[in-house]
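There are 2 protein chains.
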Amino acid sequence: MPPLPFSFVAGAAGSWRVVAQGAVCGPALPPAARFEIHEGLLQALPDGASWLLRGVTSNERYVTREEKTQLVAKQPGLGRPNATCAALIPIQKSAAWWDLTQDERRAIFEARSRHIEIGLGYLPAVARRLHHSRDLGEPFDFVTYFEYAPEDAAAFEDLVARLRETEEWRFVTREVDIRLER
Amino acid sequence: MPPLPFSFVAGAAGSWRVVAQGAVCGPALPPAARFEIHEGLLQALPDGASWLLRGVTSNERYVTREEKTQLVAKQPGLGRPNATCAALIPIQKSAAWWDLTQDERRAIFEARSRHIEIGLGYLPAVARRLHHSRDLGEPFDFVTYFEYAPEDAAAFEDLVARLRETEEWRFVTREVDIRLER
Chain A
782 MPPLPFSFVA GAAGSWRVVA QGAVCGPALP PAARFEIHEG LLQALPDGAS
832 WLLRGVTSNE RYVTREEKTQ LVAKQPGLGR PNATCAALIP IQKSAAWWDL
882 TQDERRAIFE ARSRHIEIGL GYLPAVARRL HHSRDLGEPF DFVTYFEYAP
932 EDAAAFEDLV ARLRETEEWR FVTREVDIRL ER
Chain B
782 MPPLPFSFVA GAAGSWRVVA QGAVCGPALP PAARFEIHEG LLQALPDGAS
832 WLLRGVTSNE RYVTREEKTQ LVAKQPGLGR PNATCAALIP IQKSAAWWDL
882 TQDERRAIFE ARSRHIEIGL GYLPAVARRL HHSRDLGEPF DFVTYFEYAP
932 EDAAAFEDLV ARLRETEEWR FVTREVDIRL ER
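These protein sequence lines map, in sequence, to chains A and B. Just so we're aligned: 801 in the numbering used here is position 20 of the first sequence, and the numbers increase by one with no gaps anywhere. Just so we're aligned: 853 in the numbering used here is position 72 of the second sequence, and the numbers increase by one with no gaps anywhere.
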């Protein structure tokens with residue numbers, strides 16, 4: 782699967798209603814009422830939009846074959862009819878993170894922070910798509926989009942709370958959490 | 782260091798003379814007489830240009846701390862006055878490569894192909910800058926730019942020949958080799 786580009790637009794229009802939006806750390810994004818995901822990289826903020834973020838799905842950077850096999854067996858696709866809740870969580874990591882070598886980042890990401898293992902515990906309840914943004918010159922390094930059913934909302938809160946307690950998250954310098962419903 | 786975007790333009794103008802240009806595998810690029818590197822991502826082919834490639838320097842994807850320490854100790858910068866020879870080698874890898882997980886790609890890249898170890902043997906003679914292009918939607922996945930002195934030309938030929946014999950290179954589906962002098 783080649784990298785797929787997406788644009789995330791919030792403003793007056795969109796099929797998702799923004800039910801909460803706030804900065805976990807670093808600067809916030811301007812408030813917005815509605816949200817939409819577009820295929821492709823928009824070059825300019827659409828009329829009436831409050832903010833635009835962009836990202837590209839890409840090859841995985843950390844998972845091993847064994848982990849990928851477990852993920853593929855359990856992970857659901859986006860767009861499930863009962864998944865009427867969603868979240869968009871853009872994050873930026875520090876220069877110190879990006880100065881680490883691959884083995885050092887992997888050690889923090891999984892050996893010490895258990896990022897993949899934690900995520901596996903919330904499958905198939907929470908569907909997830911990761912987008913890479915750093916090489917596009919975007920303000921955030923990653924944009925992760927999640928979908929889940931209302932009855933799994935507590936599980937989703939638990940997932941993000943656990944990740945934010947990890948050693949990996951000490952390298953997060955900006956994080957915005959946008960909650961959506963349709 | 783944040784990712785730095787560059788554009789590679791060949792055509793009638795440019796500070797480097799194109800002395801050879803050919804496809805190693807896959808389709809060639811249109812012929813050109815001169816070559817220039819521009820900072821930033823050009824959005825359109827400049828007037829009189831034959832081709833435009835784009836890429837972004839980014840965090841390293843494979844090297845360990847031990848390898849990076851060796852690289853940093855030996856690798857020279859670009860722009861040495863005696864480095865009047867250069868090469869631009871864009872490559873594309875197969876879908877099979879990109880479907881591999883991180884541990885599988887690392888095993889082929891270094892444990893079996895010795896990509897980093899081979900490259901270390903040609904430092905400080907050959908200066909090198911790697912640009913990532915795949916997530917930008919470019920036709921090539923990587924663009925590597927090299928500079929060296931005329932007396933190191935034979936060593937440079939040896940370097941590229943050795944890399945092309947590796948297991949890693951079996952995943953290369955398109956490669957163009959452009960040689961430059963100033």
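We put the beta carbon where it would ideally sit given N, CA and C, even for glycine.
Listed as beta-bridge partners of Val799(B) by DSSP are Leu961(B). For Asn863(A), no Cβ of chain B is located within less than 9 angstroms of the residue's own Cβ. As the crow flies, the alpha-carbon of Pro931(A) is around 22 angstroms from that of Arg945(A). Inter-segment contact for the region 936-953 of chain A and the region 915-925 of chain B is absent: fewer than three beta-carbon pairs are separated by less than 8 angstroms. Three or more Cβ pairs closer than 8 angstroms define a contact, and the region 807-821 of chain B meets that threshold against the region 791-798 of chain B.
At a cut-off of 9 angstroms, the C-beta of Arg915(A) has a neighbouring C-beta in chain B. Each residue's CA atom was taken as its position, placing Asp828(A) and Arg893(A) some 44 angstroms apart. Taking 9 angstroms as the Cβ-Cβ cut-off, the region 917-945 of chain A approaches chain B at Leu917, Gly918, given in chain order. For Gln851(B), the closest Cβ of chain A is not nearer than 9 angstroms. At the C-beta level, Cys806(B) and Arg960(B) stay beyond 9 angstroms of one another. Close to Glu885(A), with beta-carbon spacing below 7 angstroms, are these residues of chain B in chain order: Arg846. The beta carbons of Pro786(A) and Trp879(B) sit no closer together than 9 angstroms.
The criterion of a C-beta distance shorter than 9 angstroms is satisfied by Ile899(A) and Leu940(A). Just so you know, the alpha carbons of Leu826(B) and Leu833(B) end up roughly 6 angstroms apart.
Contact annotation: Pro871(B) and Phe937(B) have beta-carbon atoms that are not nearer than 9 angstroms. Listed in chain order, the alpha helix (DSSP H) elements of length 4 or more contained wholly in the region 866-920 of chain B are 876-880, 883-887, 896-901.
Close partners of Glu841(B) in chain A (Cβ separation under 9 angstroms): Thr882, Gln883. Taking a Cβ-Cβ threshold of 7 angstroms, the residues of chain B close to Val837(A) are Asp916, in chain order.
The beta carbon of Pro784(A) sits closer than 9 angstroms to some beta carbon of chain B.
DSSP links Val924(A) through a beta bridge to Pro871(A), His912(A). In this chain, the alpha helix (DSSP H) harbouring Arg945(B) covers 934-945.
Contact of Ala876(B) with chain A is assigned, a C-beta pair being separated by under 9 angstroms. Pro857(B) is positioned such that its CB atom lies no closer than 9 angstroms to that of Ala888(B).
Interface annotation, Trp879(A): in contact with chain B, CB-CB separation under 9 angstroms. Going by DSSP, Leu834(B) is part of the beta strand (DSSP E) stretching over 830-837.
Taking C-beta separations shorter than 7 angstroms and ignoring five residues to either side along the sequence, the partners of Ser788(A) in its chain run His819, Gly821, Leu822, Leu823, Leu833, Arg835, following chain order. At a cut-off of 9 angstroms between beta carbons, Leu834(A) makes no contact with chain B. In the structure shown, the three-state DSSP call for Arg955(B) is strand. In this structure, DSSP gives Arg846(B) a helical state, which the three-state scheme calls helix.
Between the alpha carbons of Glu928(A) and Arg861(A) lies a distance of about 8 angstroms. The Cβ-Cβ distance between Leu810(B) and Ala801(B) does not fall below 9 angstroms. The Cβ of Leu822(A) sits closer than 9 angstroms to at least one Cβ of chain B. The DSSP-derived three-state label of Ala814(A) is coil. Closest option to Ala854(B), judged by alpha-carbon separation, among Val957(B), Leu904(B), Arg963(B), Asn863(B): Leu904(B).
The C-alpha of Thr850(B) is placed about 16 angstroms away from the C-alpha of Glu891(B).
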